Every structure is written in C-alpha cells, then in structure tokens.
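> Per my numbering, the very first residue in the sequence shown carries number 1355; after that it's consecutive.
Idealized CB from N, CA, C, for every residue including glycine.
Keep in mind that this is a model prediction, so the values were computed, not measured.
First the structure, then my questions, so here it is.
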Amino acid sequence: MTYERARIEEAPSNRIVRMRVTVANEILGNSEHIMTIDKIKKFNKCAYICAKKVQKYGGKHSMGMWTVEAA
1355 MTYERARIEE APSNRIVRMR VTVANEILGN SEHIMTIDKI KKFNKCAYIC AKKVQKYGGK
1415 HSMGMWTVEA A
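Right, dumping it as structure tokens:
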C-alpha cells in the first residue's frame, strides 16, 4: 500500500462539526474560539485553510499565528 493511499484510508471523516481556533498574539494576548467551518470561513482565510486540512487529515494544523484543531 502506498503512503498516499494509507494516509487517505486513515484520514478522519468530514463530519468534524466544531473546531478550536487558537490565535497567538503577543500584543493583544492569545485567544481561543470554538466555531464551525462556516464561521471560520468568515472569520479568517488562514484559519479556514487550516480548518480544511484538519477536516482532510485530522490532527492540528498551524499557519502563522493561527492554529486549528478539532474541538
């Protein structure tokens, strides 16, 4: 079995409804939000890209100051 095929078979289903978005900000302080993917899409583009990766591969994904994981 190839690596890609194994990765697809182990990937979680797209039924993750809520995600935890963590914003790391030195000036304003860190913040955490629990929201759906639709709200994340309106909230921030970087967080949305991370959320799509969480839906596809699971785990935790970060981009810059944005970190998204399943809640």
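With residue 1377 and residue 1394 assumed to form a contact (beta carbons below 8 Å), what rounded beta-carbon distance in angstroms separates them?
Actually they do not touch by this definition, with Cβ atoms about 12 Å apart.
> Select from 1418, 1416, 1407 the residue whose C-alpha is nearest the C-alpha of residue 1391.
1407
> Strictly by DSSP, which residues pair up with residue 1401?
None; residue 1401 has no bridge partner.
> So, with DSSP's three-state summary, where would you put residue 1381?
coil
> Between which two residues does the beta strand (DSSP E) harbouring residue 1424 extend?
1420-1424
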